[in-house]
Each structure stands twice: as structure tokens, then as C-alpha cells.
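Each remark here refers to the structure printed beneath this line.
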Amino acid sequence: MKTNKALVSTLIVILIAGLLVFGISGENKDKLLRVGTKMYFPTAVDFAGETTPLQITDVKERLDRELLINANLDATTALIIKRANRAFPVIEPILAKYGVPDDFKYLAVIESGLVNASSPAGAKGVWQFMPDTAKEKGMEVNDLVDERYHLEKSTEAACKYLLAAKSKFGSWTLAAASYNGGMTGVGKKIEEQKVVDYYDLALTEETSRYVFRILALKEIMKNPATYGFNIYPTDLYASIPFKKIEVDSSITDLADFAKTQGINYKILKLHNPWLRDKKLLNPTKKKYEIEIPLSGY
70 MKTNKALVST LIVILIAGLL VFGISGENKD KLLRVGTKMY FPTAVDFAGE
120 TTPLQITDVK ERLDRELLIN ANLDATTALI IKRANRAFPV IEPILAKYGV
170 PDDFKYLAVI ESGLVNASSP AGAKGVWQFM PDTAKEKGME VNDLVDERYH
220 LEKSTEAACK YLLAAKSKFG SWTLAAASYN GGMTGVGKKI EEQKVVDYYD
270 LALTEETSRY VFRILALKEI MKNPATYGFN IYPTDLYASI PFKKIEVDSS
320 ITDLADFAKT QGINYKILKL HNPWLRDKKL LNPTKKKYEI EIPLSGY
């Protein structure tokens, strides 16, 4: 009896091994190759033109960690790649207008996955602004209007923050780190540790990983096939044509307003997530631009 059990166990092991070797599709084999030492590791990387010192052991290993994690978050990373096709054309020209390096679009990626996320701490939008910081940067935040959900305006606010951080630290990499750790927090660490390079600082776990997460997503999104993401152009989320209409008066019922524009309430809110209520009260006659899709909705 023991012999038979041993034989059966051996046969099961052989069968499983055979399935692993011969029964895995090409797509799944690619996924397996992303795990462990066989995954591609870049010979050089940089953030905003500032070279990442991969010759430092812990720097190389921290990047390796984030590449492995994000290359194996199949659904999450694939969705980000698809969304970027719609979000990046909005973000990129605003970064260029303010003179902020294009690489900062990947900061938005790791902040929110390019959706209007909401954190437990109260940060909201693609760029994850807290209410007070948003107001300091010129955004309207209240129960009816929350411009943290407005991609163009929140990107402009992020640019203002990043330019101030670059002026303070003299480094785009430290400016990026301060977006997570705060200018005061990062500045204090620099003063305490007597170093001036992000890669030389001992920081909190989150801020220590922050720039490496940006670098990893940049590397994967620029070279998706290399990391096993075979996404066709037709799979990417396309931009939807729209027009902007200016309003400077109150709208008492956004559902009725949507119908006058040939769309419904759901579509209006999807394209204007900064409208946070069922109405838009505007006693001061402030000018708002409302996005109305022309097709593809």
C-alpha cells in the first residue's frame, strides 16, 4: 500500500511538472519570466535628467524591488498604461508650459493610478492634494466645487508646488520626494543627516520608496513589452472629443442642464468630476468651463 501511494505521488508530481513546462500558454510564460532574476533590469535610469546611481547596492536593490512589484501587478499596471493614453496628453503640455520635466507625469501615476482617487487622509484627485494645500495653490474646494478633481487645474497646482520645491532643494529628484514627504520634512532630514542627495538620505519607508516607484513605472510604461505587457494600440483608452462651454450663473439642476446639452447627468459628471453636487450655485458670477463630450460617450 505504501509503495502504491508513493508511486501515485510521484506520478502527480511528474504530471504537474509536465503541465508547467508544456501546458503554459506563451502569455503566461511571459508572466513567469517577469518573476525573479530573469526579469529585465535596465543598465541606466534617470529622473528628470538626474542620473540614478545604480552602482550603489541599496539603490539598485530598491529599484529592483519596485520593478518586480509593479511588473507583476498585471491588472493594475495594464490599466495604468491604458489610462495614460488619455491622461498624458492633458498633463504633458501643462508640465511643458511651466517648465517642469515631463517625467513628473509618472509622479501622478504613482499618486493615483491616473484616476480621481481619495485617500483616507483626505487627499483627492489625480495629484492627491489635501484641501488646505489645494486652496493655497489657487484651487476652489467646497461642497459644490472641488477643483482637485479637475485634471488641468490640479496639474497646474502640482507644477507650482514642484517649482517651489526645486527652487528650495536645487534637485528635481528631491522635489519629487518632497511631494510625498513634504518640503519641511525632507529639509529637516537633509539638515540632520548632512547630505544633499535623495539617494544618500535615510527617509521614512514611504518616501524612501517614492522616487523608485516613479522610476519603475516610468521604465515599465516606456517599455511595456519588455516587462510582459503586450497591449495593442486599440486597447488603449482613447481621448474623447469635447467642447467647453462657459457658464457664469447658477445651475439649479445639473440633470436638466445635461439634457440641454444632449447628454445625461452621468456623462456630465464623468467629464466634470469637479462638480460635486447636483447643482452649481454661483452667486458671485464666477466663470466656469464645463466639458461637454461630442462623441464616444
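Numbering (our numbering), first residue to last: 70 to 366.
Don't be surprised by glycine CBs; every beta carbon is placed ideally from N, CA and C.
None of these values were measured; they are calculated from a predicted model.
- Between the region 241 to 258 and the region 183 to 192 there are fewer than three inter-stretch CB-CB distances shorter than 8 Å, so the stretches are not counted as touching.
- In the structure shown, L164 falls within a helical segment according to DSSP collapsed to helix, strand and coil.
- When C-alpha distances from D212 are compared across S223, L350, L183, S364, the shortest belongs to L350.
- Note that the C-beta distance between E161 and R278 is not below 8 Å.
- Contact between N185 and P342 is confirmed by a C-beta separation of about 5 Å, below the 8 Å threshold.
- The alpha-carbon of D215 is positioned some 18 Å away from that of Y230.
- When the five nearest sequence neighbours on each side are left out, the beta carbons in the same chain lying within less than 6 Å of the beta carbon of S319 are those of L350, N351, in order along the chain.
- With a minimum length of 4 residues, there is no unbroken run of alpha helix (DSSP H) contained wholly in the region 253 to 288.
- Rounded to whole angstroms, the Cβ separation of L286 and N154 is 15 Å, and the two are not in contact under 8 Å.
- Three or more beta-carbon pairs separated by less than 8 Å are not found between the region 169 to 188 and the region 302 to 311, which leaves the two stretches without contact.
- When only Cα atoms are considered, T120 and K347 end up about 49 Å apart.
- E221 and K257 have their C-alpha atoms some 32 Å from each other.
- Residue environment: N249 is assigned as buried (16 or more neighbouring CB atoms within 10 Å of its CB, all protein chains considered).
- In the three-state reduction of the DSSP assignment, P362 falls in the strand class, which pools E and B.
- Look at F116 here: in three-state DSSP terms it is strand.
- Annotated three-state conformation of K237 is helix, per DSSP.
- Per the coordinates, the alpha-carbon of M199 lies some 27 Å from the alpha-carbon of D317.
- By the neighbour-count definition (other C-beta atoms within 10 Å, threshold 16), G239 is an exposed residue.
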